[in-house]
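Chemist:
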Amino acid sequence: MSEEILINITPMETRVALVENGVLQEVHIERTQRRGIVGNIYKGKVVRVLPGMQAAFVDIGLERAAFIHASEISEREGAAVEPISALVHDGKALVVQVTKDPIGTKGARLTTHLSVPSRYLVYMPRTPHVGISLKIDEEAERDRLRDIVTRSVEQEGGEERGGFILRTAAEAAREEDILIDIRYVRRLWQQIQQQMNTAPAPSVLYEDLPLALRTLRDLANPRLEKIRIDSRETFQKVEQFVHELMPGVEDLLEHYPGERPIFDLYGIEDEIQKALDRKVLLKSGGYLVIDQTEAMTTIDVNTGAFVGHRNLEETIFKTNLEAATSIARQLRLRNLGGIIIIDFIDMEDEEHRRQVLRTLERQLERDHAKTNIIGITELGLVQMTRKRTRESLEQILCEPCPCCSGRGIQRTAESVCYEIFREIMREARAYQAGGYMVLASQAVIDRLLDEESGNVADLELFIQRPIKFQVETMYTQEQYDVVLT
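Going by UniProt numbering, the sequence shown opens with residue 1, and the numbers climb by one from there.
1. Between the Cα of M12 and the Cα atoms of G61, I84, R35, which residue gives the shortest distance?
2. Would you decide whether K468 is buried or exposed? Buried here means 16 or more other CB atoms lie within 10 Å of its CB.
3. Considering only residues of the same chain and omitting the five flanking positions on each side of L448, which have a CB-CB separation below 8 Å?
4. Considering only C-alpha positions, which residue in the set V16, E427, E378, K43 is nearest to N197?
5. With three or more C-beta pairs closer than 8 Å as the rule, is the region 179 to 189 touching the region 122 to 130?
6. Which full runs of the beta strand (DSSP E) of 3+ residues lie inside the region 184 to 255, going along the chain?
7. Which residue comes first and which comes last in the beta strand (DSSP E) that contains D481?
8. Are the region 49 to 69 and the region 351 to 361 in contact at 8 Å, needing three or more beta carbon pairs?
9. Would you identify the three-state DSSP class for D291, choosing helix, strand or coil?
10. Quick one: residues in its chain with C-beta nearer than 8 Å to the C-beta of A199, no 5 flanking neighbours on either side, listed in chain order?
11. A172: buried (16+ other C-beta within 10 angstroms of its C-beta) or exposed?
12. Looking only at its chain, what residues have a beta carbon closer than 8 Å to the beta carbon of D90, apart from the 5 residues adjacent to it on each side?
13. Below 7 Å between beta carbons: does that hold for R388 and G337?
14. Which complete beta strand (DSSP E) runs does the region 92 to 180 hold, if anything under 3 residues is left out?
15. Using CA coordinates, which residue listed in C403, I9, I341, H352 is at the minimum distance from T377?
16. Tell me whether R358 sits in a helix, a strand or coil according to DSSP, three-state version.
17. Measuring straight from C-alpha to C-alpha, what distance separates F241 and L213?
18. What are the start and end residues of the beta strand (DSSP E) that includes E3?
19. On the DSSP letters alone, give me the boundaries of the alpha helix (DSSP H) that F317 sits inside.
20. Throw me the rounded Cβ distance for the N335 and S392 pair, which I believe falls under 8 Å.
21. Please state the DSSP three-state secondary structure of K45.
22. Can you tell me whether M425 is helix, strand or coil according to DSSP?
23. Just to confirm the assignment, what range does the beta strand (DSSP E) spanning F67 have?
24. If you follow the beta strand (DSSP E) that F469 is part of, which residue opens it and which one closes it?
25. Whose C-beta lies closer than 7 Å to the C-beta of E20 among residues of the same chain, with five residues either side of it excluded?
26. Out of M347, I327, T298, I299, state which residue places its alpha-carbon closest to the alpha-carbon of E313.
27. Which residues in the same chain as E77 place their Cβ atom closer than 8 Å to its Cβ, once the five residues preceding and following it in sequence are excluded?
28. Nearest-angstrom Cα distance between I396 and Y436?
29. Going straight from the alpha carbon of G267 to that of L252, what length do you get?
30. What number of angstroms, rounded off, separates the C-alpha of F164 from the C-alpha of Q479?
31. Taking R422 as the reference, give the member of F462, D450, T315 with the closest Cα.
32. Please return the same chain residues whose Cβ sits closer than 7 Å to the Cβ of K135, not counting the five positions on each side in sequence.
33. In its own chain, which residues sit with a C-beta less than 7 Å from the C-beta of E460, not counting the 5 before and 5 after it?
34. Would I37 pass as an interface residue toward chain C - the criterion being a Cβ-Cβ separation below 7 Å?
35. So what does DSSP say about I37, is it helix, strand or coil?
36. Evaluate P117 with the Cβ neighbour count: other Cβ atoms within 10 Å of its Cβ, from every protein chain shown; 16 or more gives buried, anything less gives exposed.
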């Protein structure tokens, strides 16, 4: 499997596309005015302690106060976590790291368990532990990596030696490259420590890399064949970054000077547009319906036009298999996180159910975000979670519709007409007027003058007042006004 990373730069935003075998799998967007803050370290100030929630709000200099739970401050785990009031108090300065961006109405999520990432590892200055990515499954390689890091930690000495987690990218990496990374993160941590003592609260102590550099650090792997960048200035910055920290990737870099926009080469603009639709068509003729809500994301699988060639069970099985592969891609492409409920088409055969679930698990193995399939409920729904750290594609690119306020539906013209009749009746009882003028959208006025004309005539007779109509082109279908004349 071959991978390419395409980086599109404009003064307003940076966009990164991860393409596998010519198919778009992930899109990352960072607006210049609204950069994500996950990974940033701040010196904050506790502004409110919430004993009932075992949490506190911390001012880190953002518009909304950020949120931290007692378990993210305490050194203990599970039920042994101390009460929040024993850990912090109003006005206390706290060095924290952002684990989740502010999303919707929720503030950023914080932790005091700090970590500094690099190409091959994550340094945890306050946790004396060496861990290795579960995706590195060869025991000999795990032992080799553990030995390299353990030796380095022992040589360092001192009280605060910290711990490390080896990332998937460390697999087969040379010892000297891993040691370069260890020295780099330690130097970075020393700089952060110096600022901790002198910086006021709230202030930023460390900012994670901009998107273009962060992508290379996090997404580069042995399958990567090309990194194309359409900005010479960014290309030079990336070249310098790679030269210093990721020398093995230098040969993959390519500046793209073409006239045609880089995203158009792979049809990525069209794919981004499709990733905002509720409906996802499957090649077989079936389709998915994806709905994002505040609590969870639901995905419904349908056979649609696919009728199969053999029998119904086989048709359902094939649709579900194709859907499992498509769902894994859509989760990455749309960056959907939190609780996800998948309603596959009901299957009678236990072996079919197992294969569909296994296909979903296998496809999710390539996902860079942590996923966890909980299992199938009694109703046949697949429950899973996907780690949410940044806003989804829809949350970055879209806002609720002003006509329906994000409901996705609006009242019919017929319903609005009957609402107008009720409003006229209320007005007629409350005020003495010469007549009434109804201001409404074209669709509503058309209905009042056509299908509802008989009801309008009856109403005029009942209230003994004339009713006139006027189209307001700027009104939505649900908007109307009844004016006394």
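Think of the CB as a built atom: it goes at the ideal place given N, C-alpha and C, for glycine as much as any other residue. Since the model is a prediction, treat every value here as computed from it, not as a measurement.
Modeler: Inspection of the coordinates gives the following:
1. For the purposes of this step, residue 12 is taken as residue 12 along the sequence shown, with counting starting at 1. The residue with the shortest Cα to Cα distance from M12 is R35.
2. Along the sequence shown, read from residue 1 onward, the residue named residue 468 stands at position 468. K468 should be labelled exposed.
3. Translated into the one-based positions of the sequence shown, residue 448 becomes position 448. Correct list, in chain order: C417, I420, V438, A440, V456, F469.
4. Numbered from its first residue, the sequence shown carries residue 197 at position 197. Measuring from the Cα of N197, the nearest candidate turns out to be K43.
5. yes
6. 203 to 206, 224 to 229, 253 to 255
7. Mapped onto the sequence shown, residue 481 falls at position 481. Here the beta strand (DSSP E) through D481 covers 480 to 484.
8. no
9. On the sequence shown, residue 291 is found 291 positions in, with the first residue counted as 1. DSSP places D291 in strand when its eight states are reduced to three.
10. To locate residue 199, count along the sequence shown from 1; it is residue 199. So the qualifying residues of the chain are K43, L205.
11. For the purposes of this step, residue 172 is identified with residue 172 of the sequence shown, where counting begins at 1. A172 comes out exposed.
12. For the purposes of this step, residue 90 is taken as the residue at position 90 of the sequence shown. So the qualifying residues of the chain are V46, V47, R48, V49.
13. For the purposes of this step, residue 388 is identified with residue 388 of the sequence shown, where counting begins at 1. For the purposes of this step, residue 337 is identified with residue 337 of the sequence shown, where counting begins at 1. Going by C-beta atoms, R388 is nearer than 7 Å to G337.
14. 93 to 100, 109 to 111, 121 to 124, 130 to 132, 163 to 166
15. Taking the sequence shown and counting its residues from 1, the one referred to as residue 377 is at position 377. Looking at the Cα atoms, I341 is the closest of the given residues.
16. By one-based count along the sequence shown, residue 358 stands at place 358. Of the three classes helix, strand and coil, the one that applies to R358 here is helix, per DSSP.
17. Counting from 1 along the sequence shown, the entry for residue 241 is found at position 241. Counting from 1 along the sequence shown, the entry for residue 213 is found at position 213. Taking the straight line joining both Cα atoms gives about 7 Å.
18. On the sequence shown, residue 3 is found 3 positions in, with the first residue counted as 1. That run of the beta strand (DSSP E) goes 3 to 9.
19. By one-based count along the sequence shown, residue 317 stands at place 317. Unbroken alpha helix (DSSP H) run through F317: 312 to 334.
20. Residue 335 sits at position 335 when you count from the first residue of the sequence shown. Residue 392 sits at position 392 when you count from the first residue of the sequence shown. Sure, about 5 Å apart at Cβ, within 8 Å.
21. The residue given as residue 45 occupies position 45 in the sequence shown. Strand.
22. Here residue 425 refers to the residue found at position 425 of the sequence shown. Looking at M425 - three-state DSSP - the assignment turns out to be helix.
23. Residue 67 sits at position 67 when you count from the first residue of the sequence shown. From DSSP, the beta strand (DSSP E) with F67 extends over 66 to 69.
24. Mapped onto the sequence shown, residue 469 falls at position 469. Run containing F469: 467 to 471, per the beta strand (DSSP E) assignment.
25. Mapped onto the sequence shown, residue 20 falls at position 20. Hits under 7 Å: M1, E3.
26. Walking along the sequence shown from the start, residue 313 turns up at place 313. Ranking the options by Cα distance to E313, first place goes to M347.
27. Locating residue 77 in the sequence shown gives position 77, counting from the first residue. Same-chain partners within the cutoff: S71.
28. Here the question's residue 396 lines up with position 396 in the sequence shown. Here the question's residue 436 lines up with position 436 in the sequence shown. Using only the alpha carbons, I get a separation of about 45 Å.
29. Against the sequence shown, residue 267 aligns to sequence position 267. Against the sequence shown, residue 252 aligns to sequence position 252. Taking the straight line joining both Cα atoms gives about 22 Å.
30. Locating residue 164 in the sequence shown gives position 164, where the first residue counts as 1. Locating residue 479 in the sequence shown gives position 479, where the first residue counts as 1. Going from the Cα of F164 to the Cα of Q479 covers about 59 Å.
31. One-based indexing of the sequence shown puts residue 422 at position 422. Per the Cα distances, F462.
32. Here residue 135 refers to the residue found at position 135 of the sequence shown. Cβ within range, chain order: T168.
33. In the sequence shown, the residue the question calls residue 460 occupies position 460. If we look at E460 and ignore the five residues flanking it on each side, its Cβ neighbours are P466, I467.
34. The structure shown contains no chain C, having only a single protein chain.
35. As a working note, residue 37 is residue 37 in the sequence shown. Coil, per DSSP.
36. The residue you call residue 117 lines up with position 117 of the sequence shown. Counting Cβ neighbours within 10 Å, P117 comes out buried, since at least 16 surround it.
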